[in-house]
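*Asks:* Residue numbers for the sequence shown follow the numbering used here, so the first one is 2 and each next one is one higher. Heads up, the beta-carbon is just placed ideally off N, CA and C, and yes, glycines get one too. First, the structure itself, so that you have it in front of you.
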Amino acid sequence: MKINSALVLQGGGMKSMFTTGVLDAFLEEDLFFPYIVGVSAGAANGIVFLAREEGRFCRISLTYLHDPRFMSVKNYRKVGSYFNFDFIYNEVPHQHDIFDYDALFEAEEELEIGATNCETGKVDYFSFQEAKHNDDFQTFLQSLYASCSVPCVCKPITINKISYLDGGIGAPIPTERAREQGYDHQVVILTHPLKPEQASRIRNLPPRWVYRNTYPAVATLCTRHAEISNRTIDTLLAGQEEGRITIIAPDDTFGVYSASRNRSKLLRLYFHGFEKGLSIAKHIQTKE
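Structural data, given as structure tokens:
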């Protein structure tokens, strides 16, 4: 079943195991969306969802949880990033746990990945359907690398001579992009609890001086991260009150943080998402 709403996916590193659970439940219930937009780990989840590979994101995350090629200081010293994107998104799907690229390229839905332009501070969006039409999946894959490039622990990714960092810097929750694409009705998956006391705890990203000389626009965004995030949450809550937006958020993250390696906590978060996803999917299908 495909509903005429956008699917909006927040990032969050390993906290995105909640998103994985929700999306696996949607796959279980055959619930799909014509338009998906995601940043950071949300974008990675979006690609797996397009390919209908239920369980893949969870399986890969747990299989390579303690593999230094996945995330480690060694990676940072070797390739300049804590996360080895070439290993995660190239070597693993081609050599170790084969990804169904045929299913991905058969997908008719649009997926846009947001990455923060280091020069302008704005988020540029990269279209899956456009990449497929132009036979340029490599650039789309690079946009995934860029969108997942967490400030300070990952180097910027260059695409068409432009440097990019994590899409979540400029668009923590890319709901505005979905609206610009014509989707007032949205299903938004968050990776943090949606409670007033939780929202107030959203902190700014690295201090301004980290990028002050190299990328001043990024430095400014880092100092405004909490403001941008909380303003976006206010917009989502208003949309929820109007019945246009369905927000799916964890009640608790169970101690999981962006680079967590605790298998039991990650599984707990995944199944929490799966249960929420089943409940929401049945509710949406009933309304439709």
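Please classify MET15: does DSSP put it in a helix, a strand, or coil?
*Replies:* If DSSP states are grouped into helix, strand and coil, MET15 belongs with the helices.
*Asks:* Out of LYS75, GLY81, SER62, which has the shortest C-alpha to C-alpha gap to PRO94?
*Replies:* The shortest C-alpha separation from PRO94 is found at SER62.
*Asks:* Report the three-state DSSP secondary structure of ILE190 (helix, strand or coil).
*Replies:* The answer is strand: DSSP assigns ILE190 an E or B state.
*Asks:* Does the count of Cβ pairs from the stretch 101-108 and the stretch 36-54 closer than 8 Å reach three?
*Replies:* Contact holds: three or more Cβ-Cβ distances are below 8 Å.
*Asks:* Candidates HIS226, ILE249, ILE163: which alpha carbon is nearest LEU237's?
*Replies:* With distances taken between Cα atoms, LEU237 lies closest to ILE249.
*Asks:* So, with DSSP's three-state summary, where would you put LYS79?
*Replies:* Helix, per DSSP.
*Asks:* Flag this pair as yes or no: are the beta carbons of TYR90 and LEU142 separated by less than 8 Å?
*Replies:* Closer than 8 Å, so yes.
*Asks:* From the DSSP output, which residues share a beta bridge with GLY39?
*Replies:* Partner(s): LEU10, ILE114.
*Asks:* How many whole angstroms separate the CB atoms of PRO173 and ASP252, which I take to be in contact at a CB cut-off of 8 Å?
*Replies:* With a Cβ gap of about 20 Å, PRO173 and ASP252 do not count as contacting.
*Asks:* Excluding sequence positions up to five away, which residues of its chain have a Cβ less than 6 Å from the Cβ of SER144?
*Replies:* Excluding sequence neighbours, SER144 sits near ILE114, ALA116, PHE127.
*Asks:* Check whether the stretch 254-264 touches the stretch 208-219, taking contact to mean three or more Cβ pairs, one atom from each stretch, closer than 8 Å.
*Replies:* In short, these stretches do not touch, since the Cβ pair count stays below three.
*Asks:* Report yes if the C-beta distance between PHE275 and GLY39 is below 8 Å; otherwise report no.
*Replies:* For PHE275 and GLY39, no; Cβs fall outside 8 Å.
*Asks:* Please report the distance separating the alpha-carbon of VAL124 from that of LYS288.
*Replies:* In a straight line, the C-alpha of VAL124 is about 34 Å away from that of LYS288.
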